[in-house]
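Novice:
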Amino acid sequence: MPRLSVWLVRSALCYLGIGALAGAVLLVNRGVFLGERVGSLRPIHVEFLLVGWTLQLALGVAFWILPRFRAGSERGREGFAWLSYVLLNAGVLAVALGQAFGLPPAVLLLGHIAEALAAAVFALHAWPRLKAFGTGH
Amino acid sequence: MLYLIAALALSVLMQSGLSARVPLLGVLWPTYLHLLVVGWLTQLIFGVAFWMFPKHPSAPPRGSDRLGWTCFVLLNLGLAIRVVAEPLQALGRPSVALLVASAVAQLIAAWAFVANTWPRVRER
Numbered sequence: 099m100p101r102l103s104v105w106l107v108r109s110a111l112c113y114l115g116i117g118a119l120a121g122a123v124l125l126v127n128r129g130v131f132l133g134e135r136v137g138s139l140r141p142i143h144v145e146f147l148l149v150g151w152t153l154q155l156a157l158g159v160a161f162w163i164l165p166r167f168r169a170g171s172e173r174g175r176e177g178f179a180w181l182s183y184v185l186l187n188a189g190v191l192a193v194a195l196g197q198a199f200g201l202p203p204a205v206l207l208l209g210h211i212a213e214a215l216a217a218a219v220f221a222l223h224a225w226p227r228l229k230a231f232g233t234g235h
Numbered sequence: 223m224l225y226l227i228a229a230l231a232l233s234v235l236m237q238s239g240l241s242a243r244v245p246l247l248g249v250l251w252p253t254y255l256h257l258l259v260v261g262w263l264t265q266l267i268f269g270v271a272f273w274m275f276p277k278h279p280s281a282p283p284r285g286s287d288r289l290g291w292t293c294f295v296l297l298n299l300g301l302a303i304r305v306v307a308e309p310l311q312a313l314g315r316p317s318v319a320l321l322v323a324s325a326v327a328q329l330i331a332a333w334a335f336v337a338n339t340w341p342r343v344r345e346r
């Protein structure tokens with residue numbers, strides 16, 4: 099597994115562990131009132147599991163397993179994929195923590211922009227690797 | 223696959239207009255969501271990751287089988303309990319012990335997956 103995939107997948111596993119913990123506390127809170135602040139765990143639960151875990155894992159596996167090039171750098175423009183990793187994690191943290199702690203709306207907006215840019219730059223990386231068997235270089 | 227079918231069938235029932243006559247259908251949104259996202263998507267990811275992530279050079283190649291099975295059993299047990307307990311709670315029939323059991327089972331399942339998978343995610 100290439101280094102970036104290790105970072106993406108291990109980061110995803112961290113989000114899974116924390117997001118599942120937040121979910122467990124929220125579920126218990128449905129039966130036993132644990133405190134008023136518990137509700138603020140919801141955005142952490144949702145954002146960490148949907149984007150931090152599921153999406154990030156998909157990017158990590160895609161970077162590892164998509165068709166490679168026979169000439170030049172075997173995974174193409176890796177810089178875009180690294181930039182995507184940084185943007186995605188900055189975005190997840192900004193959106194989740196911004197909502198949980200009631201940070202200014204600009205933080206949420208920047209977080210969503212970072213996530214959208216992460217998707218765009220990962221697409222720039224992956225697009226040339228999406229080719230039928232026996233075609234391309 | 224069973225969870226996917228169950229979740230989508232549930233979504234049909236929830237949208238069918240029956241919820242006015244069947245109060246249970248009005249409180250099943252979280253159940254539907256978790257059947258889809260935990261029962262199908264997460265479990266599919268766990269299964270595929272267990273199968274295709276890099277294997278250990280020394281035995282056992284896929285980490286601890288016991289931890290893998292623990293994850294499988296607890297995830298499904300926790301979700302099954304949730305499917306019963308969450309609607310009951312929403313309909314005013316306290317199910318605290320079941321909710322706690324479900325939460326703990328699903329949490330341990332997720333952590334078991336992380337513990338078993340982490341050493342297999344490595345550079346080659």
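Read top to bottom, the protein sequences are chains A and B. Mind the numbering: the first sequence is residues 99 to 235 in the numbering used here, read in order. Mind the numbering: the second sequence is residues 223 to 346 in the numbering used here, read in order. Heads up, the beta-carbon is just placed ideally off N, CA and C, and yes, glycines get one too. Quick caveat: nothing in here was measured; it's all calculated off a predicted structure.
Compute the beta-carbon to beta-carbon distance between A:V193 and A:E134, rounded to the nearest angstrom, for a pair I have assumed lies under 8 Å.
Specialist: That belief does not hold up - the Cβ atoms of A:V193 and A:E134 are roughly 22 Å apart, past 8 Å.
Novice: Using beta-carbon positions only, say whether B:V336 and A:L111 come within less than 9 Å of one another.
Specialist: Against a cut-off of 9 Å, the Cβ pair of A:L111 and B:V336 comes out as a contact.
Novice: Please determine, among B:T253, B:V326, B:S238, the residue with the shortest C-alpha to C-alpha distance to B:A228.
Specialist: Checking every option, the nearest Cα to that of B:A228 belongs to B:T253.
Novice: Note down, in chain order, all residues in the segment 126 to 148 of chain A with a beta-carbon under 7 Å from any beta-carbon belonging to chain B.
Specialist: From the segment 126 to 148 of chain A, only V126, R128, G129, V130 have a Cβ closer than 7 Å to chain B.
Novice: Counting only Cβ-Cβ distances shorter than 9 Å, please list the residues of the segment 261 to 284 of chain B near chain A, keeping chain order.
Specialist: The residues in question are L263, T264, I267, V270, A271, M274, F275, P276.
Novice: Can you find a CB in chain B that lies within less than 9 Å of the CB of A:V184?
Specialist: Not an interface residue.
Novice: Would you identify the three-state DSSP class for B:P245, choosing helix, strand or coil?
Specialist: It is helical.
Novice: Let's test the definition: count the other Cβ atoms within 10 Å of the Cβ of A:H143 and tell me whether it reaches 16, buried, or not, exposed.
Specialist: Per the 10 Å Cβ criterion, buried.
Novice: What is the rounded straight-line gap between the Cα of B:R342 and the Cα of B:A271?
Specialist: Cα to Cα, the separation comes out at about 10 Å.
Novice: Are A:P100 and A:F167 touching if we call contact CB-CB under 9 Å?
Specialist: No; because the gap between Cβ atoms is not below 9 Å, this pair is not in contact.
Novice: Whose CA, out of B:L255, B:L299, B:L289, B:I303, lies closest to the CA of B:N338?
Specialist: Minimum Cα distance to B:N338 is reached at B:L289.
Novice: What is the DSSP secondary structure of B:V343, counted as helix, strand or coil?
Specialist: Reduced to three states, the DSSP call for B:V343 is coil.
Novice: Would you call A:G158 buried or exposed, if buried means 16 or more other Cβ atoms sit within 10 Å of its Cβ?
Specialist: So A:G158 ends up on the buried side.
Novice: List, in order along the chain, the chain A residues whose C-beta lies closer than 7 Å to that of B:T339?
Specialist: Here the neighbours are L111.
Novice: With a Cβ-Cβ cutoff of 9 Å, do B:A327 and A:V126 count as a contact?
Specialist: Against a cut-off of 9 Å, the Cβ pair of A:V126 and B:A327 comes out as no contact.
Novice: With a threshold of 8 Å, are at least 3 pairs of Cβ atoms found where one atom belongs to the segment 113 to 120 of chain A and the other to the segment 149 to 156 of chain A?
Specialist: Output reads yes: the segment 149 to 156 of chain A touches the segment 113 to 120 of chain A.
Novice: Taking the C-alpha atoms as reference points, what is the distance between B:L247 and A:T233?
Specialist: Roughly 51 Å between the two C-alpha positions.
Novice: Got a sec: is the Cβ-Cβ distance from B:Q237 to anything in chain A below 9 Å?
Specialist: It does not; no Cβ of chain A falls within 9 Å.
Novice: Please go through the same chain and pick out, in chain order, the residues whose beta-carbon is closer than 6 Å to the beta-carbon of A:S138, but skip the five residues on each side of it.
Specialist: These residues qualify, in order along the chain: A198.
Novice: Are the C-beta of A:P100 and some C-beta of chain B separated by less than 9 Å?
Specialist: Output row for A:P100: interface = yes.
Novice: For a contact defined as C-beta to C-beta under 8 Å, what are the partners of A:V193 on chain C?
Specialist: Here chain C cannot be found, since the structure's protein chains are A and B.
Novice: Return the chain-ordered list of same chain residues with a C-beta closer than 7 Å to the C-beta of A:P165, the five sequence neighbours on each side being excluded.
Specialist: These residues qualify, in order along the chain: R227, K229.
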